[in-house]
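Engineer: Here it is, the structure in full.
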Amino acid sequence: MWWWLLLVALVTAKRAPTHQEPVIEEVNAKQLERLLDEKDYVAVFWYARSCTTCDHVLQELEKIDDDTDTFGVDFVKINDKRLAKQYGIKNFPALTYFREKEPIIYEGDLTEEQDVLEFLTSLEAMDLPDRIEEVNGRILDKIVQETDFVAVLFCPDTSSCPRVGVSKPECKKCTKVLQELENIDDEADQLGIGFVKIHDENLAEEYNLGDLPALVYYRHQIPIIYEGELTREEDVLEWLVQHKSTGDEEDIIEDVTAKTLATLINSVDNLVVLFYDHGDKESMLILDDLETIDDDCDKIGMQFVKIDDESAAQEFGLDSLPVIVYFEKGLPNVYDGDLKKEEVLLEWLVHQKEKDEIEDVTDEMLDKLIKSSKALAVLFYDDDDRKSQRVLNELENIDDECDQLGIVFVKIDNEDEALEYGIEKVPALVYFENGIPTLYQGNLEEEEQVLKWFERQTKEDEIEDVTDEMLDLIINKFQHVAVLFYDREQKKSQKVLAELENIDDECDSNGIAFVKIDDSAEAKEYGIDIIPSLVFFEKRIPCMYEGDLLKEEELLGWLIHQKKHSEIPSVTDEMMDHLIETVEFLAVLFYDKDDKQDIRVLNELENIDDDLEKEGIVIVRIDNKEEAKEYGIDHLPTLLYFEEKIPALYEGDLMNEDEVLRWLIEQKTTATIEEVTDEILEDLIEEHEYVVVYFSGPCDEGQECDNILDELENIDDELDENGIVFVTTEDQVIAKKHGIKTYPKLVLFRNKEPLMYTGDINDEDEVLAWLTDENTLEIPDRIEEVNTKMLDKMLAENDHVVVFFYKEGDKKSQKILQELENIDDECEEQDVDFVKTSDQGIEKEYDLPNLPALAFYRHRFREFYPGDLMHEEAILEWVLDLQHTNPDVIENVDRKTLQVLIDDVEHLAVFFYDDKCGEECNEILEELETIDDDTDKHNIQFVKSKDSKLAAEIGIFSFPALVYYETGVPIMYDGNLRNEEKVLEWLIEQKSDGDSNNDSTSDDDEEDDDTSEPILSSSKKDGGSTFMEKTTSGDGCFYIGMGGKNQVPHSSYQPYQCCPSKPKAPSKVPKISGSSRPVAVKKPQPSTNKPFDTVKRDRKVPSNPVPKSPPKPAPSPPKTKSAAKESASEKGKPQQPAAKQDKGKGKKGFFGTGKYIWWW
């Protein structure tokens, strides 16, 4: 029979066609039209039957058809002379390239297929006027390799953002950004900068770009990420031009941002980074020295960059600058030698590249590596410990083998970091697999045994053993964690562990991290009394497994079911306490698992578990009657809702799950007065400074007590804003304890002290006024404890406030408070409010130097008491002296106060300085304080601040600096700060300009290009030469991109030079700023015969600043933004911005003819 099958096969083979199907697809006119509608890039080969060379050319072009496909270019052929004529094709064969329906005819030799491919995938061929071309990943890679300067806009995938019906915020933003950036596409082309867009979220993720859209500038293939506002196209163009000019200079170390640095670390194998401080002389001297080895680093394949970013340095644990860090395949190594010896540094870098050693890292670097590394080994050691040195010498021998196993090996000398992982003795070795740590228990001096252990960790999946500190880190990091609490000496634990090892791989494949812990104290923290036990954590919410641990398949099924199907987790009382502390919105069902009715209720509530998760409400269940009694619950099942640790009791039908869902959502989304039991109320009074209780007595729906409660609901929000807890209860034990016999009654507990309301309880406005009155909240002969909400309200409303900041439970603070109580009444007699606060986070929120601290606030401005806090008489004298003294100095403000002033004060001058500028800043301050009174007379508030973070947000990196804020918009002064008269003149001028611009409705305003942005200019009127004059030449040329931070460039620096022949019309210079709040450097308006226009701003009507002291004439209180807007609307509507020019170009600022230069 086999010969018959062979014969059939031969016959079939003979009948099969011998020629291959054409590679390039044939289309007709309709098909081509459809293809052009659907595809962005289409190559069309035109041919005719009468053409003698067409077949030969077609054969050559078919060799590149697969290549064009990979580049995203569709290649088709068509025989249609009439259609060809419409596209200008007269001779055959011919090739037309359609880019988003725009045709371009290929003029080269069609038989040279590689030249054709080069044409179809080149940036020049894709270029469309006033349009940013779209590319795919393959084309982008080619363009970046072949083009020196390319700007790439990354947008979400086209599947995420369809062309029609875009609704996602990132899609809308990308569309808006694209519209703005296409206004500068032509200018970028003229400057030799390519501009393309790509919809590729995976590639964006590889570059660690974060939220899209994002702009990446490839300069000589090195990516730089733009961190400014993408809709400000002039800023983007300025940034591109600036970085092009620095890119032309190859002998300098590139300056990068934090975001770009993160990208380089991920993409460059050998990277050298200098972390420096531009304002530090030593940093600048070392930078000059290191420029000499930049080329040498290039020769050995190392990219050398520098970064002036204190926060970026802190992310890597670098506290003192300058510092060199070498990154090899993302792994950091800090250089601890002398940076002034650049040749020694170069030798070290070469050594690092050629010889593998265990790299030393900081704690911040370690955190980054744990997040990013699949397999990581960490040696915790002490450099001064002999045993650590011996172990290190042995483990160096297996570093290469670890590389082959794919294990990153690092070491860290940091006792605190070791303690975070529960390591008390060093040296110790921890292996991290996908972030899950395992502690090595063997002898670290036997490196071969360590290597074998590493091999087992990479090949055999075991349940990792962790410490309690490690467990906390894992639960916080991973969404799904299974934890076995066991005793390694217990036989049952050993049996269970042997069974559970069989399902470790399945847990991994299902995205469940599986760890074990032998720690009885940690088990007790979770209320676990029986060992072994298993707890499953989903998004940090624990759920006890109640089945048989020896049946591993059942356990695996339960774990997968818990992950895929949301059920109400079962918790212990200790777990519940932890959740109340850490979860903002929590519902707890108290039930009896042996009661059939309770189980029916549980089954009903399971139906709303998913809905609650969508609403951000966590629901758990607990079978513990004793815990229920602690909350005053004497019948089960019962539902409690906790919001910010305050419980509310559900009194409806638990079998009606829809009603329960509505109630829980209402509790979360609306201000409601929570109903509590006596036991809950006692805890609230103990824990909170101010608690209002509505004792309703027995109260049914529709009764008067219930109607009063409905009215009081209207003031719950206001009380919450004031930091006052409002609850209601029908229980009567506490009521009787405080002598309440008739209901309803309203009682305010002030630091546990009750105060009965005697007014009309039916008038909620009267109740609110009483509850928020200072006399009500004040306790005689006691310093009131306030929370941060109440403190902010007091500082905003009261002229003089003394605040004692302290840490709760601190014995020293309690002794100080006893002394301070003695002067509380004296302060009150002098209209000085005295309060204390111990809220968590106050040290950071109020920029406190330390705790405890005593501060005197006068109209929000504060001063710390410098003396001994135990001497209350000296403190009283200091307070009263400050109250009655009119300060002649410019007031210092903290970050929080400064932000309030910027938002509230119409005219504000801020002197930014830091400790590094030392004597220079002190001298300037002495001069500026002579004009402080004058600025007050002109209703300009003058303050000083060391808030470098806020300064950096508006582009100020070197100090001192003076910024004038008008209705929150900053304008930077660029004159001589030592000339206080010129400073005063400039400040008055800014305010006058704002007033005149507000009232003006002249035609000049309508002709301005932009009425909403500050002017970008530079001015000095004190006779000194300006920086811009030094950077211009007499031939009409001017320079762009002089860099930020006011630095003078390195002597070898050559900025980008523009030499226009004769501009027909003013052309724009966009302003560079990587910040959310633009800084404008303002100049007096030139006369109309100057070769450039001026831009006016639309301003709000100014209001008076916050008064500085009583003796001065008291101006009106500061207007809020909303008030300012109302005022503006009364005087006249803001002018609308002028329409764009034909090409959508030219806004906000103008080049001159060479006599003037705009700079940053």
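Letter by letter, the sequence shown follows residues -20 to -1, 1 to 1140 in mature numbering (1 follows the signal peptide of the UniProt record, and there is no 0).
Ideal Cβ positions, reconstructed from N, Cα and C, are used throughout, including at glycine.
The structure displayed is predicted, hence computed values, not measured ones.
Straight-line CA distance for residue 1018 to residue 352?
Structural biologist: Model confidence at residue 1018 stands at a pLDDT of 37, short of 50, so the residue's coordinates are unreliable; what they give is reported in the following sentence. So the two alpha carbons sit approximately 46 Å from each other.
Engineer: Taking the straight line between their C-alpha atoms, what separation do you get for residue 319 and residue 134?
Structural biologist: 38 Å
Engineer: Using the beta-carbon count (16 or more within 10 Å), is residue 185 buried or exposed?
Structural biologist: Its Cβ having fewer than 16 others within 10 Å, residue 185 is exposed.
Engineer: Pull the bridge partners of residue 921 from the DSSP assignment, please.
Structural biologist: According to DSSP, residue pairing for residue 921 in a beta bridge involves 888.
Engineer: Suppose the cutoff is 7 Å on Cβ atoms and the five residues either side in sequence are ignored; what does the same chain contact list for residue 7 look like?
Structural biologist: 15, 56 and 58
Engineer: Going by DSSP, what residue range makes up the beta strand (DSSP E) through residue 897?
Structural biologist: Note, residue 897: premise wrong, no beta strand (DSSP E); not H, not E.
Engineer: Would you check if there are 3 or more beta carbon pairs closer than 8 Å linking the stretch 544 to 556 to the stretch 500 to 519?
Structural biologist: yes
Engineer: By the 10 Å Cβ neighbour count, where 16 or more other Cβ atoms means buried, how is residue 541 classified, buried or exposed?
Structural biologist: An exposed status is given to residue 541, since fewer than 16 other beta-carbon atoms sit within 10 Å of its beta-carbon.
Engineer: Are the beta-carbon atoms belonging to residue 672 and residue 729 less than 9 Å from one another?
Structural biologist: yes
Engineer: Is the separation between the beta-carbon of residue 328 and that of residue 310 shorter than 9 Å?
Structural biologist: no
Engineer: Is the Cβ-Cβ distance between residue 932 and residue 941 less than 9 Å?
Structural biologist: The Cβ-Cβ distance between residue 932 and residue 941 does not fall below 9 Å.
Engineer: To the nearest whole angstrom, what separates the beta carbons of residue 96 and residue 178, a pair I think is in contact under 8 Å?
Structural biologist: Incorrect: roughly 23 Å between the Cβ atoms, too far for contact.
Engineer: Between which two residues does the alpha helix (DSSP H) containing residue 633 stretch?
Structural biologist: First-last for residue 633: undefined, no H or E at that position.
Engineer: In whole angstroms, give me the CA-to-CA distance for residue 890 and residue 786.
Structural biologist: Residue 890 and residue 786 have their C-alpha atoms spaced approximately 30 Å apart.
Engineer: I need the boundaries of the beta strand (DSSP E) containing residue 174, first residue and last residue.
Structural biologist: 174 to 179
Engineer: Say whether chain B places a C-beta atom closer than 9 Å to the C-beta of residue 47.
Structural biologist: Given the protein chain composition of this structure (a single chain), no chain B is represented.
Engineer: Hey, could you find the ends of the beta strand (DSSP E) residue 254 is sitting in?
Structural biologist: Note, residue 254: beta strand (DSSP E), 250 to 255.
Engineer: With DSSP run on the structure shown, which of helix, strand or coil describes residue 337?
Structural biologist: coil
Engineer: Compare the Cα-Cα distances from residue 707 to each of 697, 661 and 742 and report the closest residue.
Structural biologist: 661
Engineer: For the stretch 811 to 824 and the stretch 774 to 781, state whether three or more C-beta atom pairs, one from each stretch, are separated by less than 8 Å.
Structural biologist: yes
Engineer: What three-state label does DSSP hand residue 123 in the structure shown?
Structural biologist: helix
Engineer: What first and last residue would you give for the beta strand (DSSP E) that runs through residue 657?
Structural biologist: Run containing residue 657: none; DSSP gives neither H nor E here.
Engineer: So, using beta-carbon positions, are residue 515 and residue 462 closer together than 9 Å?
Structural biologist: yes
Engineer: What do you get for residue 300, buried or exposed, if any count of 16 or more other CB atoms within 10 angstroms of its CB means buried?
Structural biologist: Around the beta carbon of residue 300, fewer than 16 other beta carbons sit within 10 angstroms, so the residue counts as exposed.
Engineer: Would the stretch 421 to 431 and the stretch 482 to 502 be scored as touching if the rule is three or more Cβ pairs under 8 Å?
Structural biologist: no
Engineer: Helix, strand or coil: how does DSSP classify residue 804 here?
Structural biologist: Residue 804: helix per DSSP, three-state reduction.
Engineer: Just to confirm my understanding: we take residue 677, look at its own chain, exclude 5 residues before and 5 after, and list those with CB closer than 7 Å. What are they?
Structural biologist: 685, 710, 712, 723 and 724
Engineer: Measuring straight from C-alpha to C-alpha, what distance separates residue 10 and residue 73?
Structural biologist: 21 Å
Engineer: On a CA-only basis, which of 208, 754, 927 and 509 is nearest residue 465? Give me that one, please.
Structural biologist: 509
Engineer: So, under 8 Å CB-CB, residue 302 and residue 341 are touching, yes? Tell me the CB distance rounded to an integer number of Å.
Structural biologist: With a Cβ gap of about 19 Å, residue 302 and residue 341 do not count as contacting.
Engineer: Would you report the Cα separation of residue 529 and residue 494, rounded to the nearest angstrom?
Structural biologist: 14 Å
Engineer: Nearest CA to the CA of residue 893: which residue from 750, 870 and 881?
Structural biologist: 870
Engineer: What is the DSSP secondary structure of residue 618, reduced to helix, strand or coil?
Structural biologist: strand
Engineer: Is the Cβ-Cβ distance between residue 616 and residue 599 less than 9 Å?
Structural biologist: no
Engineer: Report the CB separation of residue 888 from residue 855 in whole angstroms; it is logged as a contact under 8 Å.
Structural biologist: Contact doesn't hold; Cβ gap of about 31 Å is too wide.
Engineer: Mind checking who residue 419 pairs with in its DSSP beta bridge?
Structural biologist: 410
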